[in-house]
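Chemist: Handing you this structure, nothing more for now.
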Amino acid sequence: MDGPDEIIHQSMRLRIAATLNALAHGEQLEFNKLKAVLGATDGNMATHLAALEKAGYIAVQKDFVGKKPRTRVSLTRVGRKAFERHVAYLRELLDGGS
9 MDGPDEIIHQ SMRLRIAATL NALAHGEQLE FNKLKAVLGA TDGNMATHLA
59 ALEKAGYIAV QKDFVGKKPR TRVSLTRVGR KAFERHVAYL RELLDGGS
């Protein structure tokens with residue numbers, strides 16, 4: 009049995025990955041929507057997104073809508089695979105490691 013993914017294993021990052029994994033490949037979610045769905049603060053969300061981005065698990069796109077900044081986030085292929093492996097690890101734990 010492989011161990012947990014240490015990046016995704018943290019609770020908020022796991023919730024972020026699970027939320028983004030529910031989207032179609034390449035689909036993005038706006039920062040404020042993701043923050044609202046997860047009930048996170050700006051600072052908390054930014055810290056965890058930075059860790060996921062550094063690992064290559066998410067892509068962050070920043071642009072403007074008119075004069076308002078917009079940040080959108082999506083799960084990368086690497087992130088999807090990491091999430092799938094982590095979920096498989098958790099399932100194996102629940103099944104008693106068999």
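In our numbering, each number is its position in the sequence shown, counted from 1, plus 8.
Glycine included, C-beta positions come from ideal geometry on N, C-alpha and C.
1) Using the Cβ count rule (16 or more neighbours within 10 Å means buried), how would you classify D13?
2) To the nearest angstrom, how far is the alpha carbon of G11 from that of K76?
3) Buried or exposed: which applies to G74, given that a residue is buried once 16 or more other Cβ atoms fall within 10 Å of its Cβ?
4) V81 and L22: beta carbons closer than 8 Å?
5) Only counting the same chain, and skipping five residues up and downstream in sequence, which positions put a Cβ closer than 7 Å to that of A59?
Modeler: Taking the geometry as given:
1) Within a 10 Å sphere around the beta-carbon of D13 sit 16 or more other beta-carbons, which makes this residue buried.
2) Spanning the two alpha carbons is a distance of roughly 42 Å.
3) Counting the other Cβ atoms within 10 Å of the Cβ of G74 gives fewer than 16, which makes it exposed.
4) No, Cβ-Cβ distance for V81 and L22 is not below 8 Å.
5) Excluding positions up to five away in sequence, the list reads I15, R21.
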